[in-house]
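Asker:
Protein chains: 2
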Amino acid sequence: MNTYSIGEVAKELSLTVYTLRYYDKEGLMPFVDRTPSGTRVFKDSDIEALKIIECLKSTGMPIKEIKAFIDWCSEGDSTLKQRYEMFMERKSIVEAQMEELKKTLELIEHKCWYYKTAIDAGTEDVHKEDKIVVPNPN
Amino acid sequence: MNTYSIGEVAKELSLTVYTLRYYDKEGLMPFVDRTPSGTRVFKDSDIEALKIIECLKSTGMPIKEIKAFIDWCSEGDSTLKQRYEMFMERKSIVEAQMEELKKTLELIEHKCWYYKTAIDAGTEDVHKEDKIVVPNPN
DNA sequence: ACTTGACCTAGAGTTAACTATAAGGATTAA
DNA sequence: TTAATCCTTATAGTTAACTCTAGGTCAAGT
Numbered sequence: 001m002n003t004y005s006i007g008e009v010a011k012e013l014s015l016t017v018y019t020l021r022y023y024d025k026e027g028l029m030p031f032v033d034r035t036p037s038g039t040r041v042f043k044d045s046d047i048e049a050l051k052i053i054e055c056l057k058s059t060g061m062p063i064k065e066i067k068a069f070i071d072w073c074s075e076g077d078s079t080l081k082q083r084y085e086m087f088m089e090r091k092s093i094v095e096a097q098m099e100e101l102k103k104t105l106e107l108i109e110h111k112c113w114y115y116k117t118a119i120d121a122g123t124e125d126v127h128k129e130d131k132i133v134v135p136n137p138n
Numbered sequence: 001m002n003t004y005s006i007g008e009v010a011k012e013l014s015l016t017v018y019t020l021r022y023y024d025k026e027g028l029m030p031f032v033d034r035t036p037s038g039t040r041v042f043k044d045s046d047i048e049a050l051k052i053i054e055c056l057k058s059t060g061m062p063i064k065e066i067k068a069f070i071d072w073c074s075e076g077d078s079t080l081k082q083r084y085e086m087f088m089e090r091k092s093i094v095e096a097q098m099e100e101l102k103k104t105l106e107l108i109e110h111k112c113w114y115y116k117t118a119i120d121a122g123t124e125d126v127h128k129e130d131k132i133v134v135p136n137p138n
């Protein structure tokens, strides 16, 4: 079974060693082994767990909540329901984020069109009467 | 033409008056009028501009960059190209975010399944041999 | 043996984006 | 007119998530 140093894991996950040690300090990595002298030794399964952590982080989940999840994992089968519900809640949060992003993208695409036509006309004034000239979505 | 107080705008955009004043201090709202005594008076077009600001903010754009855009808007037609390029860049950033979120959602949905089956089995151990029992995407 | 470089901890510093407080001015309602 | 409820500025405090420094340990290479 492969093992990795903190520097290797940092490179692999595009994080800094500072960040990884910070996560450890916050209790996100209680599963990582140490050598007798204290150096962290990461297993493949640890990297997988860190990928889950990064996944949760990318949904905007705060580190304290991620720690709660990690704690549940350590507690075993008695917390299966909490963990399930946590992921179900994340699912609906992410779905809402995707909806939100879709609307954002539409507005941005409209702005791209707005500026493209303005550049072609040489002035933003072409849009001064938008409500009259182009009554609809623009 | 309608006008609004800072409190009304805050309510309308689900922000606090603190946040709006902070934005103003950071130079995001140079277009907002004042009464002779200094009270801000928001027009409908100001609220529309704030919605664009919120849109940019929701893509993760830092306030300093949003300020650069607002400054370009004040400078007039000479900055049309910059503004166009800025929105084109935002467009690809948002598209990348959507791709990322899609992958995140897939992982989360997998975890939902993982925990649902574990709950049904009464133990997480049903997944201990995933690689053998279910060789593929799980 | 010694130097180099990666690792360690504890704790301080940074940054962004608010969030709140203090002290006061203007406007409205009783 | 007096209280309430807005608003103002300046400035201080908070929070999350890093990010870095200081001072030290440890293992490998020359």
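In order, the protein sequence lines correspond to chains U and V.
For the first sequence, the UniProt record's numbering gives the first residue as 1, with consecutive numbering after it.
For the second sequence, the UniProt record's numbering gives the first residue as 1, with consecutive numbering after it.
From the three backbone atoms N, C-alpha and C, an ideal C-beta is built for every residue, glycine too.
The structure presented is a predicted model; accordingly, all values stated were derived computationally and were not measured.
Strictly below 7 Å CB to CB, what residues from chain V border U:A118?
Answerer: The residue given as residue 118 of chain U occupies position 118 in the first sequence. Chain V residues near U:A118: L80.
Asker: Counting only C-beta atoms, is V:S58 closer than 7 Å to chain U at any point?
Answerer: By one-based count along the second sequence, residue 58 of chain V stands at place 58. So, interface residue.
Asker: Between V:L56 and V:I66, is the Cβ-Cβ spacing less than 7 Å?
Answerer: The residue you call residue 56 of chain V lines up with position 56 of the second sequence. The residue you call residue 66 of chain V lines up with position 66 of the second sequence. Against a cut-off of 7 Å, the Cβ pair of V:I66 and V:L56 comes out as a contact.
Asker: Kindly identify the DSSP beta-bridge partner or partners of U:R34.
Answerer: Position 34 of the first sequence, counting from 1, holds the residue named residue 34 of chain U. DSSP, once it has assigned bridges, lists U:R40 as partnering U:R34.
Asker: Would you decide whether U:R34 is buried or exposed? Buried here means 16 or more other CB atoms lie within 10 Å of its CB.
Answerer: Taking the first residue of the first sequence as 1, we reach residue 34 of chain U at position 34. Exposed is the call here.
Asker: Can you tell me whether U:T3 is helix, strand or coil according to DSSP?
Answerer: By 1-based counting over the first sequence, the position of residue 3 of chain U is 3. The answer is strand: DSSP assigns U:T3 an E or B state.
Asker: Determine whether the Cβ of U:V126 lies closer than 7 Å to any Cβ atom of chain V.
Answerer: Counted from its first residue, the first sequence places residue 126 of chain U at position 126. For U:V126, the answer is no, since every Cβ of chain V falls outside 7 Å of its Cβ.
Asker: What separation, rounded to the nearest whole angstrom, lies between the Cα atoms of U:D125 and U:K111?
Answerer: Along the first sequence, one-based indexing puts residue 125 of chain U at 125. Along the first sequence, one-based indexing puts residue 111 of chain U at 111. Those two C-alpha atoms are separated by around 15 Å.
Asker: Under the assumption that residue 176 of chain U contacts U:V94 (Cβ atoms under 8 Å), give the Cβ distance between them as a whole number of angstroms.
Answerer: Here chain U has residues from 1 to 138 only, and residue 176 of chain U is not among them.
Asker: Have a look at U:V32, U:R83, U:V9, U:S37 and flag the residue whose alpha-carbon is nearest the alpha-carbon of V:Y115.
Answerer: Here residue 115 of chain V corresponds to residue number 115 of the second sequence, with the count starting at 1. For the residues U:V32, U:R83, U:V9, U:S37, the minimum Cα distance to V:Y115 belongs to U:R83.
Asker: Within 10 Å of its beta-carbon, does V:V9 have 16 or more other beta-carbons around it, so buried, or fewer, so exposed?
Answerer: Locating residue 9 of chain V in the second sequence gives position 9, where the first residue counts as 1. Counting Cβ neighbours within 10 Å, V:V9 comes out buried, since at least 16 surround it.
Asker: Can you confirm whether V:M61, when its beta carbon is compared against all beta carbons of chain U, has any partner nearer than 7 Å?
Answerer: Working through the second sequence from its first residue, we reach residue 61 of chain V at position 61. False, the Cβ-Cβ gap to chain U never drops below 7 Å.
Asker: Tell me, to the nearest whole angstrom, how far the beta carbon of U:I44 is from that of U:F31; I am working on the premise that it is less than 8 Å.
Answerer: On the first sequence, position 44 is the one that residue 44 of chain U refers to. On the first sequence, position 31 is the one that residue 31 of chain U refers to. Reading off the sequence shown, one finds Asp at residue 44 of chain U, where the question assumed Ile. Wrong, their Cβ atoms sit about 12 Å apart, outside the cutoff.
Asker: Chain V beta carbons: is any one of them nearer than 7 Å to that of U:M1?
Answerer: Residue mapping note: residue 1 of chain U aligns to position 1 of the first sequence, counting from 1. U:M1 does not count as touching chain V.
Asker: Could you check the C-alpha separation between V:P137 and V:I108 for me, to the nearest Å?
Answerer: For this step, residue 137 of chain V is matched to residue 137 along the second sequence. For this step, residue 108 of chain V is matched to residue 108 along the second sequence. For V:P137, the pLDDT reaches just 40, beneath the cut-off of 50, and the residue's location in the model is therefore unreliable, although a value from the coordinates is still provided. The alpha-carbon atoms of V:P137 and V:I108 are separated by roughly 13 Å.
Asker: Have a look at V:G122 and U:D77 and give me their C-alpha separation to the nearest angstrom.
Answerer: Residue numbering aside, residue 122 of chain V sits at position 122 when the second sequence is read from its first letter. Residue numbering aside, residue 77 of chain U sits at position 77 when the first sequence is read from its first letter. The alpha-carbon atoms of V:G122 and U:D77 are separated by roughly 7 Å.
Asker: In whole angstroms, give me the CA-to-CA distance for U:M1 and V:E85.
Answerer: Taking the first residue of the first sequence as 1, we reach residue 1 of chain U at position 1. Taking the first residue of the second sequence as 1, we reach residue 85 of chain V at position 85. If I take the Cα positions, the gap works out to 49 Å.
Asker: Examine chain V for any beta-carbon lying closer than 7 Å to the beta-carbon of U:R40, and answer yes or no.
Answerer: Counting from 1 along the first sequence, the entry for residue 40 of chain U is found at position 40. Taking Cβ atoms only, chain V never reaches closer than 7 Å to U:R40, which makes this a no.
Asker: On a Cα-Cα basis, can you pick out the residue from V:E89, V:K81, V:K91 that is closest to U:N120?
Answerer: Here residue 120 of chain U refers to the residue found at position 120 of the first sequence. Checking the displayed sequence, the identity of residue 120 of chain U turns out to be Asp instead of Asn. Ranking the options by Cα distance to U:D120, first place goes to V:K81.
Asker: Which class does V:N138 belong to by DSSP, given the choice of helix, strand or coil?
Answerer: As a working note, residue 138 of chain V is residue 138 in the second sequence. With a pLDDT of only 42 at V:N138, under the threshold of 50, the placement of this residue in the model should not be trusted; the figure read from the coordinates follows. If DSSP states are grouped into helix, strand and coil, V:N138 belongs with coil.
Asker: Between V:E75 and V:L13, how many whole angstroms is the CB-CB distance? I'm expecting something under 8 Å.
Answerer: Position 75 of the second sequence, counting from 1, holds the residue named residue 75 of chain V. Position 13 of the second sequence, counting from 1, holds the residue named residue 13 of chain V. No, V:E75 and V:L13 are not in contact; Cβ-Cβ is about 25 Å, not under 8 Å.
Asker: With V:S92 as the anchor, note down where its alpha helix (DSSP H) starts and where it stops.
Answerer: The residue labelled residue 92 of chain V in the question sits at position 92 within the second sequence. Where V:S92 is concerned, the enclosing alpha helix (DSSP H) stretches over 80-121.
Asker: Based on Cα-Cα distance, which residue from U:T16, U:H127, U:E26 lies nearest to U:K64?
Answerer: Locating residue 64 of chain U in the first sequence gives position 64, counting from the first residue. U:K64 has its Cα closest to that of U:E26, out of U:T16, U:H127, U:E26.
Asker: Mind pulling the chain V residues with CB within less than 8 Å of U:F69?
Answerer: In the first sequence, counting from the first residue as 1, residue 69 of chain U sits at position 69. Simply none; closest approach about 10 Å.
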